[in-house]
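Engineer: I have a structure I would like to understand better, so I am pasting it below and will then ask my questions one at a time.
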Amino acid sequence: MEKHTSKSYDHELTVAKELLLTMGNLAISNVGKAIKALSDGDKELARAVIESDKTINDYERQLDDKVVKLVAMRQPTAVDLRYIMSMSKAVIDLERIGDEAVKIARIALYDTPIHANVHTLADNVRMMTLDALEAFNNHDSRFAFDVMQMDELVDSEYGELLVALQDKDEIKSSEIMHTLWVLRALERVGDHARNVAELVIYTSSGTDIRHSEMSVVRDVVGE
Numbered sequence: 001m002e003k004h005t006s007k008s009y010d011h012e013l014t015v016a017k018e019l020l021l022t023m024g025n026l027a028i029s030n031v032g033k034a035i036k037a038l039s040d041g042d043k044e045l046a047r048a049v050i051e052s053d054k055t056i057n058d059y060e061r062q063l064d065d066k067v068v069k070l071v072a073m074r075q076p077t078a079v080d081l082r083y084i085m086s087m088s089k090a091v092i093d094l095e096r097i098g099d100e101a102v103k104i105a106r107i108a109l110y111d112t113p114i115h116a117n118v119h120t121l122a123d124n125v126r127m128m129t130l131d132a133l134e135a136f137n138n139h140d141s142r143f144a145f146d147v148m149q150m151d152e153l154v155d156s157e158y159g160e161l162l163v164a165l166q167d168k169d170e171i172k173s174s175e176i177m178h179t180l181w182v183l184r185a186l187e188r189v190g191d192h193a194r195n196v197a198e199l200v201i202y203t204s205s206g207t208d209i210r211h212s213e214m215s216v217v218r219d220v221v222g223e
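Shown next, in the form of structure tokens:
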């Protein structure tokens, strides 16, 4: 973002962005911790993830308040308004990533085995979200495009794991359901990371590329 004549305005934007990044990093960390709790059977860690979600929700409320004040008191220009509104939408996706971490953590509280190698998928969606945050922080639409491409890989991995799960015989229905819930939660984390990446491109270009073909997005970002 460009610097403004009002230093206090720049400070308010910076504070809001830093809070968003803090919130996002906590949500991503919770996804990793939830997967670890699931793998290790660590119920204390799972409970810590669930408890930590309260902090994420508090960040969401704080950011909502900051966005309202920025719009109401600063009367931002078109470019700034796109950025502020994108920040508001990104907060929703980051909060939902936290919710998905909680879902995985709650499954970790059971002793049900997970019949899928979720670690590669988990690593990829966590990297996606970290990259989406970095793209948002740096206003980097080309890096955001890379995140969107990675979402296609994640969707492919998700589909392959579902097919592999169907081929497993003699598995209890409860074990199948818990495995499906974990896989679905991770796939949704990837979707939310993609949403953040789309917001970066919208902020930079002014073009809403939601539901667009990747070829269209490529033209928008100049790839």
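Under the UniProt record's numbering, the first residue of the sequence shown carries the number 1, and numbering increases by one thereafter.
Virtual Cβ for every residue (Gly too), placed ideally from N, Cα, C.
Small disclaimer: the values here were computed from a predicted structure and weren't measured.
Starting from D93, follow the alpha helix (DSSP H) in both directions and report where the run begins and ends.
Structural biologist: As a working note, residue 93 is residue 93 in the sequence shown. Segment 78–108, the alpha helix (DSSP H) holding D93.
Engineer: Quick one: using the 10 Å Cβ neighbour count with 16 as the cut-off for buried, is A72 buried or exposed?
Structural biologist: Translated into the one-based positions of the sequence shown, residue 72 becomes position 72. It is exposed - the Cβ of A72 has fewer than 16 other Cβ atoms within 10 Å.
Engineer: Is any beta-carbon of chain C found at less than 8 Å from that of D58?
Structural biologist: As a matter of chain content, chain C is missing from the structure shown, which is built from one protein chain.
Engineer: Buried or exposed for I104, please, with buried defined as at least 16 other CB atoms from any protein chain shown within 10 angstroms of its CB.
Structural biologist: Numbered from 1 along the sequence shown, position 104 holds the residue referred to as residue 104. By the 10 Å Cβ count, I104 comes out buried.
Engineer: Could you give the C-beta distance for V102 and I50, rounded to a whole number, given that I count them as a contact under 8 Å?
Structural biologist: Position 102 of the sequence shown holds residue 102. Position 50 of the sequence shown holds residue 50. With 8 Å as the limit, V102 and I50 qualify as a contact, their Cβ atoms being about 5 Å apart.
Engineer: For a test of the three-state rule: what should DSSP assign to R47, helix, strand or coil?
Structural biologist: Within the sequence shown, the letter at position 47 stands for residue 47. Residue state, collapsed to three classes: helix.
Engineer: Per DSSP, what kind of secondary structure is G32 in: helix, strand or coil?
Structural biologist: As a working note, residue 32 is residue 32 in the sequence shown. Helix, per DSSP.
Engineer: For G24, collect the residues of the same chain with a Cβ closer than 6 Å to its Cβ; drop the 5 residues on either side in sequence, then sort them by chain order.
Structural biologist: The residue you call residue 24 lines up with position 24 of the sequence shown. If we look at G24 and ignore the five residues flanking it on each side, its Cβ neighbours are L94, L133.
Engineer: Give the secondary structure of residue 224 by DSSP, where H, G and I count as helix, E and B as strand, and everything else as coil.
Structural biologist: Absent from the model: residue 224. The displayed extent of the chain is 1 to 223, so no value can be given.
Engineer: Going by other Cβ atoms of all chains shown within 10 Å of its Cβ, with 16 needed for buried, is T120 buried or exposed?
Structural biologist: The count along the sequence shown starts at 1 and reaches residue 120 at position 120. Exposed, because fewer than 16 other Cβ atoms sit within 10 Å of the Cβ of T120.
Engineer: Can you tell me the Cα-Cα spacing of L21 and T129, whole angstroms?
Structural biologist: Indexing the sequence shown from 1 puts residue 21 at position 21. Indexing the sequence shown from 1 puts residue 129 at position 129. Straight-line Cα distance between these residues: approximately 11 Å.
Engineer: Could you check how far apart the C-beta atoms of S141 and V221 are, in whole angstroms? I think they sit under 8 Å.
Structural biologist: Residue numbering aside, residue 141 sits at position 141 when the sequence shown is read from its first letter. Residue numbering aside, residue 221 sits at position 221 when the sequence shown is read from its first letter. With a Cβ gap of about 5 Å, S141 and V221 count as contacting.
Engineer: Does DSSP put R210 in a helix, a strand or coil?
Structural biologist: The residue given as residue 210 occupies position 210 in the sequence shown. Coil at R210, not helix or strand.
Engineer: Would the segment 30–49 and the segment 109–123 be scored as touching if the rule is three or more Cβ pairs under 8 Å?
Structural biologist: Cβ pair count under 8 Å is three or more, so yes.
Engineer: Can you tell me whether S156 is buried or exposed, with buried defined as 16 or more other CB within 10 angstroms of its CB?
Structural biologist: Position 156 of the sequence shown holds residue 156. With fewer than 16 other Cβ atoms within 10 Å, it is exposed.
Engineer: Suppose the cutoff is 6 Å on Cβ atoms and the five residues either side in sequence are ignored; what does the same chain contact list for I97 look like?
Structural biologist: By 1-based counting over the sequence shown, the position of residue 97 is 97. Cβ neighbours of I97 beyond the five flanking positions: A27, V189, H192.
Engineer: Pull up the CB-CB distance for A197 and M148, whole angstroms please, since I reckon it's below 8 Å.
Structural biologist: Residue 197 sits at position 197 when you count from the first residue of the sequence shown. Residue 148 sits at position 148 when you count from the first residue of the sequence shown. Going by Cβ atoms, the distance from A197 to M148 rounds to 5 Å, so yes, they are a contact pair.
Engineer: Pull up the distance between the alpha-carbon of S52 and that of A46, whole angstroms please.
Structural biologist: Mapped onto the sequence shown, residue 52 falls at position 52. Mapped onto the sequence shown, residue 46 falls at position 46. Their backbone Cα atoms lie some 10 Å apart in a straight line.
Engineer: Relative to the alpha-carbon of D99, which residue among D146, W181, V68, T207 has its alpha-carbon at the smallest distance?
Structural biologist: Looking up residue 99 in the sequence shown gives position 99. For D99, the nearest C-alpha among the options comes from W181.
Engineer: Quick one: is H11 buried, meaning 16 or more other Cβ sit within 10 Å of its Cβ, or exposed?
Structural biologist: Numbered from its first residue, the sequence shown carries residue 11 at position 11. It counts as exposed.
Engineer: To the nearest angstrom, how far is the alpha carbon of Q75 from that of L19?
Structural biologist: Here residue 75 refers to the residue found at position 75 of the sequence shown. Here residue 19 refers to the residue found at position 19 of the sequence shown. Cα to Cα, Q75 sits roughly 21 Å from L19.
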